[in-house]
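Below is one structure, written out as structure tokens, with a few remarks after it.
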Amino acid sequence: MRKLILLYSICIALLSACEEPVVSPEQIGEYPSIYPDYTEVTVPAAIAPMNFSYTGTSYERIDVIVKGGQGKELHINAKQVHFPEKDWRQLLASNQGDSLLFTVSVKQNGKWRTYRPFPMYVSTYPIDYGLVYRKIAPGYEVYSRMGIYERDLSSYEEKPLVENTLVKGMCVNCHAFNRTDPSHFSLHVRGTHGATFMRTGDKDEYLNTKTDQTIATCVYPYWHPGGEYIAYSTNNTRQAFHTVKDERVEVLDLESDVVVYHPADHRLLLCDSLQRKDRFETFPAFSPDGRTLYFCSAEAKKIPEEYKEIRYNLCRIDFDPATGTFGSRIDTLVNAEASGKSVSFPRPSYDGKYIMFTLSDYGNFSIWHKEADLWLLNLASGDLRELSEVNSDDTESFHNWSSNSRWFVFSSRRGDGLYTRLYLASMDENGRISKPFLLPQQDPETYYDRSVYSYNVPDFVNTPIQLDTKVFEKKITSKERIQVQAGK
Amino acid sequence: MENTRKYMYIKGIASLLFGCAICLFWGHYYPHHLHYHEQFQLFLFTPEYIADKWIYPGGIAEYVAEFLTQFYFFAWAGAMILAIVLVLIQQQINWLAKRMGASGFWYPLSFLPSILLWVFLCDENALLALPISIILALFALIIQRKITNPWGQILYTLLMMPVLYWIVGGAYFIFIAGVAIGHCVKSAPSIPGKPYIWIPIYLLLGILYPLLAQNLTQYPLLSLMTGIDYYRFPMIVPNIMLLAIVAAAVTPGAPALLPPPARATKVWTGIVSALLLAGGGAWIYAASDPDKEEAMKYDYLARMKQWNKIIKTAENKTPNSPFSVTCLNLALAKTGQLGDRMFHFYQNGTEGLIPTFQRDFTSPLPTSEIFYHLGMINSSQRYMFEAMEAIPDYKKSGRAYMRLAETNLINGQYVVAAKYLRALQHTLFYKRWATNAMSYLNNEEKIEKHPEWGWLRKARYTEDFLFSDTEMDVMLGLLLQHNKRNRMAFEYMLAYVLQKKDLERFMKYYPLGKDLGYNHIPISYQEALIFVWTQQHPNFQGLPWSISRNVLEGVSEFARIYTTQKDSEPILRPKYEKTFWYYLLFRK
């Protein structure tokens, strides 16, 4: 035992000797330049350690002290800022509703400089278990390795749910859960083994959603809160490519409609108002009470000649979940067309207060539009505002709410102009929105620099997803599909 | 004693000659297959790169193979590597065969797996990961045979199987087969009793590990059984690949079970050797594809901007595949000869000029080169990105990363350019280029002064519209309209309409070249102009263009023969095959 204590003491002494204490530092009156920019952000208490790098000129060592009103402070004195997970978790748990103060000192050319301490706020609002997203290179028509991944937000663990290595030529996209609950799960698979994977509780089905009354297979899913329906759009899509430097890809709908699927009887519910030939309808989303279906609608124009004239409004139609019938009137909630703009990806908050959407200059595929920004519609007051707290000069596009509507995740190209990354931000009861933070990684600078993927269609999940990939592979590669039937 | 030494020398010389033959084959006859391989991977000296390889069976062997494949950048280095790899396998087989008690008579058979691998590697999609995996599997078998304690051998085998499976993937069946055969030969150390009862255990475990791996990875069972990255296309298992694996599995042990002939051993050795030499040689010859090698050569030379070499190669043998003709036309355009000499070579229409987009990993490469040199920067970037994303085994590409970095630099998208350049700085052969290119980031003045990037920045489109692959002449016209000094755009536009046999558009576009500094009207344009003239005029009087005497005389004779002879094509071909008129009237 004595020997063990001696050994332990020697180890501690050696480790302490590796530390270089901050001596006579020069005080700098500004925040340190760090990547990711985690200064003044608001984080959930359960978030993984928010490691960062100093991005100023080269340095020999970095010293970071993290203090909260409660709990044991964290002290890092090393080349890299890697917070120990257990201590991090304890510190955040002790300081919920309060803030942490990060004091960063950097040793450069043998001299220490201490920057103005920056705060990080620890929210009282919990966040869901994790995120699910697709990772794919930001290409054009062809795709290499890609898949749907699940990320535990309290750690750096990411696990693949389905990768296209599993089935040759498979493309996976358009995944959706019911208000973050993965027991209701829709996933679209393209390729020679195309299908729509549909999980409703304990039942997994593989559907063929193309019917002779609809344009194409069902995409852009959104669950009805009761889990009895799921809305889709069916789109006849073309891709086109720009010639100038700031533009790349344009995805154009030649025609599109909105439909609602009823899994219990494998029936697609059609509605004349949502299948108009003179309009493009897309991106459906149910209201939290399940009695309204939101969607985007634009006047049909000649493609490609008038592609820049296509502008989508945010609309709504009544839906009766008891009978599966639609209302007769379509209301326009946001007339973006009138202001020369176009709405995409409407996402109602689950508390029923807001609809967040993306606003761009034209078209519906805002993920490739540099000017695309997030906007918020207050359903009670009708107020509409740009989310300047989270927008950047580059693309902000797909987004989703956490189950308690206090957090949202969105994708943005602000990092390098091409590869989309995920950012999280919080919104309090009064609609105040915090500064967003980049999804944490063990070594974020290296991770994001070397990642060859964009993050698509992020959504929260409240629990890990169970998916047997062996069964999935077997079913997808088989020809057995349930043919859905369309009817009015 | 003397005889043994003599045989050792003979065997050594045979291996050496075998190695030399491999080296000569790949270095001299098939070098561009090596360049072809090199461009479809991006080996990075980063912890993440190796970490990615650790997570599936065969990934570590693949890592080693990719490390070696990067040296294919220099074809002779690649040839040396292949020679060493295949000779090493032959030596391993020979060692194992001896160890298992095979007669020296069967020595020539030790070449069989390497010969089969040579045949396999002639396929442009066959990857080095298979030979490397075989080396590692045989190495594991050698260690097994070196263990003299029978129980130690069994313990080693049981422990090695999962480890080896994770390192090499499906090729670990070679190890299992070798161990199983080893239990059947007399000279092997064996446990008392019935050693062969272990064979079904090994076989069952051998099948079990890939099944278990299904739970840990996202690969289908076929890939987990036969190897994930031995062949570029997933889920395709060529017969020759299976044959090579079987040969590597059986050859070390099988000769021990076969007695040598009782008489005339030397004669039989000669016969076996001759059969292997002739059969192997014939098979390799049949497996190699000089047409593909030629296409790869054109692509390589276009990538390396060796325009004169491309033209010289075409002068020696006219290429006829669209892929090669595309590169040749680019070389002609880059050296200012497209208008003059385009029809001196075989042309296969606009597909040999600017091929339409195909969703594969090879055909967009030369098209990306064309777009790049024309100044269609976004399209060049798109085609290169698509080619990289289409690589069937999901790898990235050093060549593509370079082009993506360049196009982003030209477009002033420095942050994303820097991302590609930083990745290239982790490579062996692109590092220096990337480091130099880094100095251009955010340096507008330096880019403007760059002999290539500076010009391309001026040449590229600055007004946005949707690119149309089907109206290429219009796209080229808009490019010329944007920069009226872009002679290459003009020449491609005229070549495009000439190859489409659209003389109406040719006549419309032709005047746009008047300020481009030509000292003579390019020959193919002269031929087109005079053809149009002769359709509307009885003689050359009033001809508004300066047409050479040769062309005037040529068109007269051509027209005379064409109009007077019923089957004029064979008569015209010898003298006029290299004219626009022949292309116009006879090429389909």
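Protein sequences, first through last, are from chains B and A.
Residue numbers for the first sequence follow the numbering used here, so the first one is 17 and each next one is one higher.
Residue numbers for the second sequence follow the numbering used here, so the first one is 2 and each next one is one higher.
Built from N, CA and C at the ideal position, the CB exists for glycine as well.
These numbers were taken from a predicted model, which means no experiment stands behind them.
| Using the C-alpha atoms, what's the distance from residue 133 of chain B back to residue 118 of chain B? | Each residue's Cα considered, the two are about 5 Å apart.
| task | Let me know the secondary structure DSSP gives residue 498 of chain B once reduced to three states. | result | Note: residue 498 of chain B maps to strand in three-state DSSP.
| said: For residue 86 of chain B and residue 107 of chain B, what's the separation of their Cα atoms in angstroms? | reply: Near 7 Å, if we compare the C-alpha coordinates of residue 107 of chain B and residue 86 of chain B.
| message | Any beta carbon from chain A within less than 8 Å of residue 486 of chain B's own beta carbon? | response | Against chain A, the CB of residue 486 of chain B has a partner CB under 8 Å away; the residue lies at that interface.
| message | I want to see whether chain A comes within less than 8 Å of residue 97 of chain B, judged by CB atoms only; does it? | response | Cβ-Cβ to chain A under 8 Å: no for residue 97 of chain B.
| query | In chain A, what lies closer than 8 Å to residue 159 of chain B by C-beta? | reply | When 8 Å is used as the limit between beta carbons, residue 159 of chain B is near these residues of chain A: 390, in chain order.
| query | Applying a beta-carbon distance threshold of less than 9 Å, which residues of chain B neighbour residue 424 of chain A? | reply | Near residue 424 of chain A (Cβ distances below 9 Å), the residues of chain B are 465, 466, 468.
| task | Could you tell me if residue 261 of chain B is buried or exposed, where buried requires 16 or more neighbouring beta carbons within 10 angstroms of its beta carbon? | result | Buried, by the Cβ-count rule.
| said: Along the chain, where does the beta strand (DSSP E) containing residue 190 of chain B start, and where does it finish? | reply: Here the beta strand (DSSP E) through residue 190 of chain B covers 187-194.
| request: Please state whether DSSP places residue 92 of chain B in a helix, a strand or coil. | output: Looking at residue 92 of chain B - three-state DSSP - the assignment turns out to be strand.
| Bridge partner(s) assigned by DSSP for residue 297 of chain B | Bridge partners of residue 297 of chain B: B/313.
| said: Let me see if you follow: with CB-CB separation under 8 Å, is residue 199 of chain B close to chain A or not? | reply: By the rule that beta-carbons nearer than 8 Å mark a contact, residue 199 of chain B does not touch chain A.
| residue 308 of chain B bridges to which residues according to DSSP? | In the DSSP output, where bridge partners are listed per residue, residue 308 of chain B has B/334.
| query | Taking just the CA atoms, how far does residue 372 of chain B sit from residue 506 of chain B? | reply | Because chain B in this structure spans residues 17 to 504, residue 506 of chain B falls outside the shown range and cannot be described.
| Going along the chain, which residues of the stretch 150-182 of chain B sit with their C-beta nearer than 8 Å to a C-beta in chain A? | Residues of the stretch 150-182 of chain B with a C-beta less than 8 Å from any C-beta of chain A: 153, 155, 156, 157, 158, 159, 160, 161, 163, 176, 178, 179, 181, 182, listed in chain order.
| said: Once DSSP output is grouped into helix, strand and coil, what is the label at residue 68 of chain A? | reply: Assignment of residue 68 of chain A by DSSP, reduced to helix, strand and coil, places it in the helix class.
| said: Whole angstroms are fine: how far does the CA of residue 90 of chain B sit from the CA of residue 99 of chain B? | reply: Rounded to whole angstroms, residue 99 of chain B to residue 90 of chain B spans 8 Å at the Cα level.
| query | Leaving out five residues before and five after residue 32 of chain B in sequence, what residues of the same chain have Cβ atoms less than 6 Å from its Cβ? | reply | A caution first: residue 32 of chain B carries a pLDDT of 47, below 50, which makes its placement in the model too unreliable to give a value.
| request: Determine the burial state of residue 1 of chain A: buried for a count of at least 16 other Cβ atoms within 10 Å of its Cβ, exposed for fewer. | output: Since the first and last residues shown for chain A are 2 and 589, residue 1 of chain A lies out of range.
| task | Can you tell me which of the three DSSP states residue 36 of chain B falls into? | result | Residue state, collapsed to three classes: coil.
| query | How is residue 77 of chain B classed by DSSP in three states: helix, strand or coil? | reply | Three-state result, residue 77 of chain B: strand.
| field | Assumed close pair residue 529 of chain B, residue 231 of chain B - CB separation to whole angstroms, cut-off 8 Å | value | The structure shown has nothing for residue 529 of chain B, since chain B only spans 17 to 504.
| Three-state secondary structure (DSSP) at residue 298 of chain A? | Residue state for residue 298 of chain A is assigned as helix, using DSSP reduced to three classes.
| query | Excluding five sequence neighbours on each side, which residues of the same chain lie with their C-beta closer than 7 Å to the C-beta of residue 51 of chain A? | reply | Same-chain partners within the cutoff: 64.
| request: Give a yes or no on whether 8 Å exceeds the smallest Cβ distance from residue 463 of chain A to chain B. | output: True, the Cβ-Cβ gap to chain B drops below 8 Å.
| request: With a floor of 4 residues, list each alpha helix (DSSP H) that falls wholly inside the stretch 312-393 of chain B, ordered by position along the chain. | output: As far as the stretch 312-393 of chain B is concerned, it has no whole alpha helix (DSSP H) run of at least 4 residues.
| task | Return no unless some Cβ of chain B is closer than 8 Å to the Cβ of residue 324 of chain A. | result | It does not; no Cβ of chain B falls within 8 Å.
| Residues of the stretch 384-405 of chain B whose Cβ lies closer than 8 Å to any Cβ of chain A, in chain order | Of all residues in the stretch 384-405 of chain B, none is placed with a Cβ closer than 8 Å to any Cβ belonging to chain A.
| task | Provide the residue span of the beta strand (DSSP E) that contains residue 239 of chain B, from first to last. | result | Here the beta strand (DSSP E) through residue 239 of chain B covers 234-239.
| Between the CA atoms of residue 429 of chain A and residue 233 of chain B - distance to the nearest angstrom | If you take the alpha carbons of residue 233 of chain B and residue 429 of chain A, they lie about 46 Å apart.
| In chain order, what residues of the same chain have a beta carbon less than 6 Å from the beta carbon of residue 276 of chain B, not counting five sequence neighbours either side? | Hits under 6 Å: 245, 247, 285.
| request: Please list the partners that residue 467 of chain A has in chain B, where partner means a Cβ-to-Cβ separation under 8 Å. | output: Result: 256, 257, 258, 259, 266, 320, 323.
| request: Assign residue 378 of chain B to one of two classes, buried (16 or more other C-beta atoms within 10 Å of its C-beta) or exposed (fewer than that). | output: It counts as buried.
| field | Enclosing beta strand (DSSP E) for residue 200 of chain B [first to last residue] | value | Its beta strand (DSSP E) spans residues 197-206.
| request: Say whether chain B places a C-beta atom closer than 8 Å to the C-beta of residue 431 of chain A. | output: No, residue 431 of chain A does not count as interfacial toward chain B.
| For residue 476 of chain A, the three-state DSSP class (helix, strand or coil) | If DSSP states are grouped into helix, strand and coil, residue 476 of chain A belongs with the helices.
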